[in-house]
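Enquirer:
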Ligand code: GGG
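Numbering (our numbering), first residue to last: 59 to 453.
1. Return yes when the C-beta of residue 380 is under 7 Å from any heavy atom of the ligand SAM, and no when it is not.
2. Are there 16 or more other CB atoms within 10 angstroms of the CB of residue 127, so buried, or fewer, so exposed?
3. Give the DSSP-derived three-state secondary structure of residue 79 in the structure shown.
4. Does the stretch 335-347 come within contact of the stretch 263-280, defined as at least 3 CB pairs closer than 8 Å?
5. Below 8 Å CB to CB, which residues in the same chain sit around residue 197 once its five sequence neighbours on both sides are set aside?
6. Residues in its own chain within less than 8 Å of residue 59 by CB, not counting five upstream and five downstream?
7. In or out: residue 312 buried (at least 16 other Cβ within 10 Å) or exposed?
8. Please name the residue or residues paired with residue 132 in a DSSP beta bridge.
9. Would you check if there are 3 or more beta carbon pairs closer than 8 Å linking the stretch 432-442 to the stretch 409-421?
10. Going by alpha carbons, who is nearest to residue 147 out of 384, 110, 279 and 386?
11. Look at the Cβ atom of residue 187, then the Cβ atom of residue 154, and state whether they are nearer than 8 Å.
12. So for residue 375, helix, strand or coil by DSSP?
13. Under DSSP, the alpha helix (DSSP H) around residue 153 begins and ends at which residues?
14. Is the beta carbon of residue 327 less than 8 Å from the beta carbon of residue 298?
15. From residue 450 to residue 421, what distance separates their C-alpha atoms?
16. Just to confirm, are residue 205 and residue 352 a CB contact at a threshold of 8 Å?
17. Given residue 229, which residues of its chain have a CB within under 7 Å of its CB, disregarding the five upstream and five downstream residues?
18. Please report the straight-line C-alpha distance between residue 89 and residue 316, rounded to a whole angstrom.
19. Please name the residue or residues paired with residue 254 in a DSSP beta bridge.
20. For residue 220, which residues from the same chain have a beta carbon less than 8 Å from its beta carbon, with the 5 sequence-adjacent residues on both sides left out?
21. Once you ignore the five residues that flank residue 393 on each side, which residues in its own chain have a CB closer than 6 Å to its CB?
22. Once the 5 residues before and after residue 85 are set aside, which same chain residues still bring their CB inside 7 Å of it?
23. Assuming residue 376 contacts residue 395 (C-beta within less than 8 Å), just tell me the rounded distance between them.
24. Tell me whether residue 163, by its Cβ, gets closer than 7 Å to a heavy atom of the ligand GGG.
25. State the DSSP-derived secondary structure class of residue 163, mapped to helix, strand or coil.
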């Protein structure tokens, strides 16, 4: 079974296959010593690409193209290893990815994912067969989902202009309601019972909350962390979360805090989105709220995300928040910007701050231009049109 192909951009022979290399230190910055400049070797980055289902291949291919163009300006060489996992793999082999998938991904510097989900496969199979085992297996405990109202984009909320909304939802990504602990009794019988337990550990809760505070400090925006729970109803797990939030907050006297029940948070994302800076929530609540933060800033087609292992032990994964969108798959009209902005987050994680900002700026130039927009933003441009425009903005 051949499920991996690696290519690098070679000006003489484009798409030249290469052998997989070992992962470099993800936090290592490009060397600027005299000797390394004399050698003029580009920094090589091995990126695993799981294009996945539906619109996934279109948006990841667009992200790859802009990465290559941005990379050329910063002396970077990307080695893309494509893994043809997802629903087609499931139809062929009865599983979304092979049993040794994590072993195959581990040598990469980072992973770029498109989308998973197919109308003919239950969503719990596609999600639990691919994305969730990667997040858990690589301890990518911080799911970071920025939501910014960019110039040139209209919010569905009245009276909000560019920059008025600028928040990040930090979602716990390895436990909570997604822990997959439970089971069925009397399966399919009339007396059937389903039990689904949430798992909240003190360690898991503390580390994601601390990550959120650190991020609020680094962002230098409103210096505020909002914690979202439902501890009036979930009297054990979320009480532990609230208590942990209070104790971590004491370590960050420079950061202001707020605790909201998830119903109030949903209401306030619409009523006063400008008041939020960093929002930290459990796996499920973070998932739901980040869709809401995406739509109040214009479109889920702009929502980027990073699944981070902040320790750097494992590769982190970068994906647009949107799913496979079977309704528009194959039509060439998917918005590639969320995937491109996710690629920018990947560059930032790899210590390539300037390249990351350059790629992000190119996307923002096209958005601000106001001419090219895919249907999710009310336009009629294609994925290819938008990709070409971002490539031109990188020129
Ligand atoms: N972009 C990856 C994707 O397809 N996400 C869709 C999805 O169902 N995600 C669930 C989750 O993030 O928990």
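Using N, Cα and C, we set each Cβ at its ideal position, and we do this for glycine too.
Expert: So, to answer that:
1. The ligand SAM is absent from the structure shown, which contains only the ligand GGG.
2. Here residue 127 refers to the residue found at position 69 of the chain shown. Its Cβ being crowded by 16 or more others within 10 Å, residue 127 is buried.
3. The residue you call residue 79 lines up with position 21 of the chain shown. Low local confidence applies: a pLDDT of 43 at residue 79 is under 50, so the model's placement there is unreliable, and no value is given.
4. The stretch 335-347 vs the stretch 263-280: in contact.
5. The residue you call residue 197 lines up with position 139 of the chain shown. Excluding positions up to five away in sequence, the list reads 232, 367, 369, 371 and 372.
6. One-based indexing of the chain shown puts residue 59 at position 1. The predicted position of residue 59 is uncertain, since its pLDDT is 47 and thus under 50; a value taken from the coordinates is nonetheless stated next. Contacts found: 151 and 156.
7. Against the chain shown, residue 312 aligns to sequence position 254. Under this definition residue 312 is an exposed residue.
8. The sequence position of residue 132 within the chain shown is 74, counting from 1. DSSP, once it has assigned bridges, lists no residue as partnering residue 132.
9. Contact between the stretch 432-442 and the stretch 409-421 is absent: fewer than three C-beta pairs spanning the two stretches fall below 8 Å.
10. Position 89 of the chain shown, counting from 1, holds the residue named residue 147. Looking from the CA of residue 147, the closest CA among 384, 110, 279 and 386 belongs to 110.
11. Translated into positions along the chain shown, residue 187 becomes position 129. Translated into positions along the chain shown, residue 154 becomes position 96. Yes.
12. Start at 1 with the first residue of the chain shown, and residue 375 comes out as number 317. The answer is strand: DSSP assigns residue 375 an E or B state.
13. Reading the chain shown from its first residue, position 95 is the one you call residue 153. Note, residue 153: premise wrong, no alpha helix (DSSP H); not H, not E.
14. Your numbering for residue 327 matches position 269 in the chain shown. Your numbering for residue 298 matches position 240 in the chain shown. It is not a contact, given that the beta carbons lie outside the stated cut-off.
15. The residue given as residue 450 occupies position 392 in the chain shown. The residue given as residue 421 occupies position 363 in the chain shown. Computed Cα separation, rounded: 10 Å.
16. Residue mapping note: residue 205 aligns to position 147 of the chain shown, counting from 1. Residue mapping note: residue 352 aligns to position 294 of the chain shown, counting from 1. Against a cut-off of 8 Å, the Cβ pair of residue 352 and residue 205 comes out as a contact.
17. By 1-based counting over the chain shown, the position of residue 229 is 171. Hits under 7 Å: 201, 203, 339, 341, 344, 345 and 348.
18. Working through the chain shown from its first residue, we reach residue 89 at position 31. Working through the chain shown from its first residue, we reach residue 316 at position 258. Because residue 89 sits at a pLDDT of 43, beneath the cut-off of 50, its placement in the model cannot be relied upon, and the following sentence gives the value as read from the coordinates. Each residue's Cα considered, the two are about 42 Å apart.
19. By 1-based counting over the chain shown, the position of residue 254 is 196. Looking at the DSSP assignment, residue 254 forms a beta bridge with 240.
20. Locating residue 220 in the chain shown gives position 162, where the first residue counts as 1. Hits under 8 Å: 207, 208, 209, 210 and 211.
21. Taking the first residue of the chain shown as position 1, residue 393 is located at position 335. If we look at residue 393 and ignore the five residues flanking it on each side, its Cβ neighbours are 359, 432 and 434.
22. Locating residue 85 in the chain shown gives position 27, where the first residue counts as 1. Only weak support is given to the placement of residue 85: the predicted model assigns it a pLDDT of 46, under 50, and the value that follows is read from those uncertain coordinates. Exclusion of the five residues before and after residue 85 leaves 370 and 409 as the residues of its chain whose Cβ lies within less than 7 Å of its Cβ.
23. On the chain shown, position 318 is the one that residue 376 refers to. On the chain shown, position 337 is the one that residue 395 refers to. Residue 376 to residue 395, Cβ: 14 Å. No contact.
24. Here residue 163 corresponds to residue number 105 of the chain shown, with the count starting at 1. Relative to the non-hydrogen atoms of the ligand GGG, the Cβ of residue 163 never comes closer than 7 Å to any of them.
25. As a working note, residue 163 is residue 105 in the chain shown. Helix at residue 163.
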